[in-house]
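The listed protein sequences correspond, in order, to chains U and R. Residues in the first sequence are numbered from 213 upward in steps of one, following the working numbering. Residues in the second sequence are numbered from 119 upward in steps of one, following the working numbering. In this text, a Cβ means the ideal position worked out from N, Cα and C, and glycines have one as well. Just below is one structure, and these are the notes that go with it.
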Amino acid sequence: MLTDKPTAAQIEATVHKTIAELLERRGRTVGAIDNDNLLVAVGLTSLDLAALIATLQTRLKADPFFSAKSITDVRTVGDLCRAYADFIGEN
Amino acid sequence: MRPACQRVVVVSGGSRGLGAAIVSQCYGQGWTIATFSRSPSAFITDVERADRDGRMFWRAVDGRDSSALQDFVVSVGDRFGGIDALINNAGIGKFGAFPLMPLADLDDTIAANLRANIVLTRLITPTMVARGGGAIVNISSVNAVRGNGGVAVYSATKAGLDGFTRALARELGSRNIRVNSLAPGYFASEMASVLNETQLRRIVRATPLGRLGTTEEIAQAALFLISPAAAFITGQTLVVDGGITC
Chain U
213 MLTDKPTAAQ IEATVHKTIA ELLERRGRTV GAIDNDNLLV AVGLTSLDLA ALIATLQTRL
273 KADPFFSAKS ITDVRTVGDL CRAYADFIGE N
Chain R
119 MRPACQRVVV VSGGSRGLGA AIVSQCYGQG WTIATFSRSP SAFITDVERA DRDGRMFWRA
179 VDGRDSSALQ DFVVSVGDRF GGIDALINNA GIGKFGAFPL MPLADLDDTI AANLRANIVL
239 TRLITPTMVA RGGGAIVNIS SVNAVRGNGG VAVYSATKAG LDGFTRALAR ELGSRNIRVN
299 SLAPGYFASE MASVLNETQL RRIVRATPLG RLGTTEEIAQ AALFLISPAA AFITGQTLVV
359 DGGITC
């Protein structure tokens with residue numbers, strides 16, 4: 213768990229790690245997670261995204277999608293990392 | 119499912135009436151309780167005082183304040199590590215002739231009975247999905263399934279919750295999250311206290327079991343719906359009304 217405001221690099225590492233863990237738990241093959249990957253192509257369903265956001269809420273102490281941003285605006289892993297970085301930067 | 123002592127239930131509006139009875143029974147069954155209400159009550163003070171093992175968590179929250187609800191859910195997650203069950207109990211009753219109902223009462227009823235419960239559920243379901251399961255109970259009403267005068271907006275909010283229940287049960291069933299409604303009939307409560315003697319007698323006459331329910335009987339049904347005994351029940355409205363709607 214991060215105690216201070218995380219840097220963009222820390223956010224990215226946390227997002228990538230959390231996606232990999234989630235996919236592993238769902239029994240899916242996990243290759244390298246890249247910011248250009250489409251979330252759908254990585255294998256995340258909408259309910260997987262809900263689980264991902266819940267875990268990131270715990271790890272990053274932030275949920276940009278409750279009031280600030282729509283998850284439908286997020287298409288790639290990089291979009292997701294930026295959504296957290298922007299939200300954490302603004303709050 | 120984890121042992122009851124490690125299971126966490128969020129009960130909205132747990133300071134009095136049915137909410138307090140639900141908190142009391144869940145606590146007695148070993149659940150860890152997280153609850154909120156706009157203000158504390160003697161019941162909350164008593165439970166907190168008697169709580170020796172940190173299984174009771176109460177905060178002052180107005181459910182119509184989404185940001186306060188979010189802070190509450192985050193606090194529960196930080197304190198207990200997750201949420202296994204949610205009982206959407208908080209609600210208000212503003213009754214009277216619909217053509218004369220003030221807009222403020224209409225808005226308050228929808229905000230407290232429908233929107234606040236939906237927002238709380240929105241905040242809690244991600245953690246249930248992440249943890250691989252959960253149980254949600256929406257406290258509805260027989261007024262959602264039978265028409266009665268003077269309760270049109272209240273009935274609309276409760277029927278709205280029933281629709282929410284069925285849709286969510288479909289959406290979240292694959293993740294082992296069960297969603298049910300509990301529709302109490304007339305029971306001794308603050309809301310029933312607005313009924314006069316004549317109305318109460320008429321209700322009792324129309325009830326096959328010949329009496330009002332008790333708060334404890336309704337709370338027991340809520341506890342059943344979040345228990346492993348209800349593991350194959352989802353998307354349903356359980357009517358507990360002494361038979362008045364049969």
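Residue i - DSSP class collapsed to helix/strand/coil
i: G290 (chain U); result: helix
i: A274 (chain U); result: coil
i: F342 (chain R); result: helix
i: V322 (chain R); result: helix
i: V127 (chain R); result: strand
i: A253 (chain R); result: strand
i: M213 (chain U); result: Low local confidence applies: a pLDDT of 47 at M213 (chain U) is under 50, so the model's placement there is unreliable, with the coordinate-based value given in what follows. Looking at M213 (chain U) - three-state DSSP - the assignment turns out to be coil, as it is neither helix nor strand.
i: F350 (chain R); result: coil
i: G243 (chain U); result: coil
i: G267 (chain R); result: coil
i: G361 (chain R); result: coil
i: G137 (chain R); result: helix
i: G301 (chain U); result: helix
Pair within 7 Å by beta-carbon distance, residue i and residue j
i: G181 (chain R); j: A234 (chain R); result: yes
i: V260 (chain R); j: L343 (chain R); result: no
i: R177 (chain R); j: F154 (chain R); result: yes
i: G360 (chain R); j: L327 (chain R); result: yes
i: I242 (chain R); j: V191 (chain R); result: yes
i: A277 (chain R); j: T355 (chain R); result: no
i: A266 (chain U); j: T275 (chain R); result: no
i: R173 (chain R); j: T150 (chain R); result: yes
i: V358 (chain R); j: A339 (chain R); result: yes
i: A152 (chain R); j: F175 (chain R); result: yes
i: L259 (chain U); j: V247 (chain R); result: yes
i: S130 (chain R); j: S159 (chain R); result: no
N- and C-terminal bounds of the alpha helix (DSSP H) containing residue i
i: M246 (chain R); result: 234-249
i: S273 (chain R); result: 270-290
i: T355 (chain R); result: Element bounds for T355 (chain R): not the alpha helix (DSSP H) but the beta strand (DSSP E), 355-358.
i: K229 (chain U); result: 220-237
i: L251 (chain U); result: 251-254
Where the beta strand (DSSP E) through residue i begins and ends
i: I295 (chain R); result: 295-302
Closer than 7 Å to chain C by CB, residue i
i: V237 (chain R); result: Absence of chain C from the displayed structure is noted, the protein chains being U and R.
### Near-chain U residues of the segment 175-195 of chain R - C-beta to any C-beta below 8 Å
S184, S185, Q188, V192, G195
#### Entry: Contiguous beta strand (DSSP E) assignments of at least 3 residues, all confined to the segment 143-225 of chain R
150-155, 174-178, 203-206
### Task
Quick one: which residues of the segment 291-310 of chain R get their C-beta closer than 7 Å to a C-beta of chain U? List them in chain order.
R293
### Query
Taking Cβ-Cβ distances below 7 Å as the criterion, which residues of the segment 248-266 of chain U are in contact with chain R?
L259, A262, A263, I265, A266
### Contacting positions in the segment 217-250 of chain U - beta carbon closer than 9 Å to chain R
L234, R237
### Task
Can you give me, in chain order, the residues of the segment 121-151 of chain R that have a beta carbon less than 7 Å from any beta carbon in chain U?
none
### Task
Could you name the residues of the segment 274-286 of chain U whose beta carbon sits closer than 8 Å to any beta carbon of chain R, in the order they occur along the chain?
D275, F278, S279
### Task
Select from the segment 333-349 of chain R all residues with a C-beta closer than 9 Å to any C-beta belonging to chain U, and list them in chain order.
none
### Query
For the segment 248-268 of chain R, which residues have a CB atom closer than 9 Å to at least one CB atom of chain U, in sequence order?
Within the segment 248-268 of chain R, the qualifying residues are A248, R249, G250.
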